[in-house]
Amino acid sequence: MAEKPDLIVLGRHRDLDGRTKEAWVRRALLLAIGAFVFAGLLNVFGQRATSSRAATSDASLEVRAPSNLRGGLLFQVRFTIQAHRELENATLVLGRGWLEGMQLNTMEPAPIGEASRNGELALELGHVPMGQKHVLYLQFQVEPTDVGRRTQTVVLEDDGRQLLSLSRSLNVFP
Amino acid sequence: MDIVIRAAVLFLFVLLVTRIVGRRELSSMEPFDLILLVVLGDLIQQGVTQDDYSMTGAMLAVGTFGLLAVGISFLSFRVRRARPVLEGEPIVLVQDGSPIEANLHRERFTLEELAAEARQQQIASLEDVRWAILETNGSISFIPK
């Protein structure tokens, strides 16, 4: 038999004694990375939008927005208000979860008025005739350093009277 | 603070990935591998610095990478038991002109690829090889008879 090179241990480096588990550890880690990538395909880390709805006899509200995001992503939120009766002065009140750690790039159509209401953002949308829709688009960007889970609440009011409310949760991954 | 944490996490993730993809993939540097390397660097940079274009941010990230690289190297040097985990171990592929099939299979090496590697070392036949050893850096050492 050929003389072995220095520091080569035949049992370990040729016959792989005690190294069989290495291959399994490597496979397991590869599988974990594969699972991570597959979870990404399944929208676990964002940013596909999902819809939430709430309705009363006065109006219905649909919110379409991503529920999972990552730092730095641009995304859109769409509020669709359907008036089941005449809404004299529809107002959306967005909880702090919508704006904390987010850059609000634009809102279309621009609300008639904006105000802070006990720390929340009140957007005055104005008159919505019975049977008609009011669609409000908000364009956001997640601040790159923003990470965590928060609750996003939205309340629809008419002339100061609450018609309905809706709550969603948002996860921001690093 | 965030940039240091992001740099550390990505450093460790890249270390993990390079350890588990196997040495064969790392040792070759075909045009595709070269492109992959550049793209990988770009992807890592975006994850680490994100929208931070500052010199301080870049210095923090580079400093973190540098410190961790030295730390890993020091750990590997001082702690014998950590060495196989951090760097891997050599594997004998050929002994006395006979390829060791199980080891080739484990490293996803074909005989043709091994013969090609031998030719690059001016060895015409594997029968002329006393030892062929896949080193921890992905290169193959051929010791002729």
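Respectively, the protein sequence lines represent chains B and F. Here this note's numbering = 1-based position in the first sequence + 447. Here this note's numbering = 1-based position in the second sequence + 10. A virtual CB, placed ideally from N, CA and C, is assigned to each residue, including glycine.
Inter-residue CB distance, residue i and residue j (contact presumed, cutoff 8 Å)
i, j, result
"V14 (chain F)", "L78 (chain F)", "At roughly 10 Å, the Cβ-Cβ gap does not stay under 8 Å, so V14 (chain F) and L78 (chain F) are not in contact."
"F620 (chain B)", "R517 (chain B)", "5 Å"
"E422 (chain B)", "R543 (chain B)", "Nothing about residue 422 (chain B) can be reported from this structure: the residues present for chain B run from 448 to 621 only."
"N515 (chain B)", "D605 (chain B)", "That belief does not hold up - the Cβ atoms of N515 (chain B) and D605 (chain B) are roughly 32 Å apart, past 8 Å."
"L572 (chain B)", "L539 (chain B)", "6 Å"
"G519 (chain B)", "P591 (chain B)", "5 Å"
"L144 (chain F)", "L103 (chain F)", "6 Å"
"R459 (chain B)", "R466 (chain B)", "7 Å"
"L534 (chain B)", "M554 (chain B)", "Contact doesn't hold; Cβ gap of about 19 Å is too wide."
Buried versus exposed, by CB contacts within 10 Å (16 or more), residue i
i, result
"I150 (chain F)", "buried"
"V58 (chain F)", "buried"
"A475 (chain B)", "exposed"
"P513 (chain B)", "buried"
"P556 (chain B)", "exposed"
"N552 (chain B)", "exposed"
"W141 (chain F)", "buried"
"L617 (chain B)", "buried"
"E127 (chain F)", "buried"
"F23 (chain F)", "exposed"
"H493 (chain B)", "At residue 493 (chain B) the sequence reads Gly, which differs from the His that was named. That one is buried."
"N565 (chain B)", "exposed"
"F587 (chain B)", "buried"
"F483 (chain B)", "exposed"
"Q56 (chain F)", "exposed"
"F84 (chain F)", "exposed"
"V491 (chain B)", "exposed"
"F599 (chain B)", "One detail in the question is off: residue 599 (chain B) reads as Gln in this sequence, not Phe. That one is buried."
"V139 (chain F)", "buried"
"T74 (chain F)", "buried"
"F42 (chain F)", "exposed"
Proximal chain B residues relative to residue i, where beta-carbon distance stays under 8 Å
i, result
"V102 (chain F)", "I455, L457, H460, R461"
"I110 (chain F)", "R461"
"E99 (chain F)", "R459, H460, R466"
"Q131 (chain F)", "Simply none; closest approach about 15 Å."
Proximity test, Cβ basis, 8 Å: residue i and chain F
i, result
"R473 (chain B)", "yes"
"L476 (chain B)", "yes"
"G452 (chain B)", "Rather than Gly, the amino acid found at residue 452 (chain B) in this sequence is Pro. By this cut-off, P452 (chain B) is an interface position."
Any chain B beta carbon closer than 8 Å to residue i
i, result
"N113 (chain F)", "yes"
"D43 (chain F)", "no"
"L26 (chain F)", "yes"
"I178 (chain F)", "The requested residue 178 (chain F) does not occur in the structure, where chain F is confined to residues 11 to 155."
Interface partners of residue i on chain B, CB under 7 Å
i, result
"R116 (chain F)", "A470"
"D12 (chain F)", "T592"
"I82 (chain F)", "Residues of chain B passing the Cβ test: none, with the nearest at roughly 17 Å."
Beta-carbon neighbours of residue i, restricted to chain F and to distances below 9 Å
i, result
"G519 (chain B)", "Q56, Q60, D61"
Chain-order list of residues whose beta-carbon lies under 8 Å from that of residue i (same chain, five-residue window excluded)
i, result
"T146 (chain F)", "R33, E97, G98, E99, P100"
"L611 (chain B)", "A501, A502, T503, D505, A506, S507, L508, V602, L603"
"Q132 (chain F)", "none"
"A470 (chain B)", "none"
"I110 (chain F)", "V102, L103, V104"
"R116 (chain F)", "I101"
"Q609 (chain B)", "V602, L603"
"P154 (chain F)", "I133, D138, V139, R140"
Proximal residues to residue i (C-beta, below 6 Å), its chain only, five neighbours per side dropped
i, result
"G67 (chain F)", "I13, T59"
"R511 (chain B)", "A496, S498, R525"
"V19 (chain F)", "none"
"N113 (chain F)", "I101, L103"
is_contact[residue i, chain D] using C-beta, thresh 8 Å
i, result
"E145 (chain F)", "Checking the listed chains, one finds no chain D in this structure; the protein chains it contains are B and F."
7 Å Cβ shell around residue i - same chain, five flanking residues per side excluded
i, result
"A125 (chain F)", "L136"
"H581 (chain B)", "I528, A537, L572, V575"
"L457 (chain B)", "K451"
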